[in-house]
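Remember, this note's numbering sits 76 above the position in the sequence shown when you count from 1.
We treat Cβ as the ideally placed atom computed from N, Cα and C, and that holds for glycine.
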Amino acid sequence: MPSTSSDVSLHEVVYEVIPNLNTAEKLVNNTLESLLASASNPLDIMRRKEQQQAFGLEIHHVRMNLEHLLERYRDEVAELVRAEGREKGSVVTPDPFEAQAIRSAVDIYQHVRAYQRGERRHPLPGR
Numbered sequence: 077m078p079s080t081s082s083d084v085s086l087h088e089v090v091y092e093v094i095p096n097l098n099t100a101e102k103l104v105n106n107t108l109e110s111l112l113a114s115a116s117n118p119l120d121i122m123r124r125k126e127q128q129q130a131f132g133l134e135i136h137h138v139r140m141n142l143e144h145l146l147e148r149y150r151d152e153v154a155e156l157v158r159a160e161g162r163e164k165g166s167v168v169t170p171d172p173f174e175a176q177a178i179r180s181a182v183d184i185y186q187h188v189r190a191y192q193r194g195e196r197r198h199p200l201p202g203r
């Protein structure tokens, strides 16, 4: 990642951040579905459904801002995709919302990876 904390390469966003977010989202959703299916206590069912909704909203917010970043740099993204990721791509400065979305996506992925390694008790960040 570039030296300033707000700058990011489009290559990193397109080929690391977004795929990792997709992976984390699938794992969390599958885990919550499994927990929901095995829950018999109505309070547990309600809690899992609330967790699903909260996580879905968080992911939606992150994706909206990532899409905004990709749209703002549409031409550079198209060039990067045409090169099939062989080139590093442009380094861009996301707006504050886009930067927060990138940080959130990375945090979600890191939390899920820690859960997979047994370092966290729950697959959802903030729990």
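Secondary structure at residue i, three-state DSSP: helix, strand or coil?
i: residue 110; result: helix
i: residue 82; result: coil
i: residue 77; result: Low local confidence applies: a pLDDT of 38 at residue 77 is under 50, so the model's placement there is unreliable, with the coordinate-based value given in what follows. Correct three-state label for residue 77: coil.
i: residue 166; result: coil
i: residue 88; result: helix
Between which two residues does the alpha helix (DSSP H) harbouring residue i extend?
i: residue 190; result: 172-192
Checking 7 Å against the spacing of the C-beta atoms, do residue i and residue j come in under that value?
i: residue 188; j: residue 130; result: no
i: residue 111; j: residue 124; result: yes
Pairing CB atoms from the segment 160-178 with CB atoms from the segment 127-147, are three or more of them under 8 Å?
yes
Every unbroken alpha helix (DSSP H) within the segment 90-164, with a cutoff of 4 residues, ordered by chain:
Runs of the alpha helix (DSSP H) inside the segment 90-164: 94-114, 118-148, 150-158.
When you compare the segment 175-185 with the segment 132-142, are there three or more beta-carbon pairs, one atom per stretch, that lie closer than 8 Å?
yes
May I ask you to verify whether the segment 156-163 touches the segment 84-95, counting CB pairs closer than 8 Å and requiring at least 3?
By the criterion of at least three beta-carbon pairs nearer than 8 Å, the segment 156-163 is in contact with the segment 84-95.
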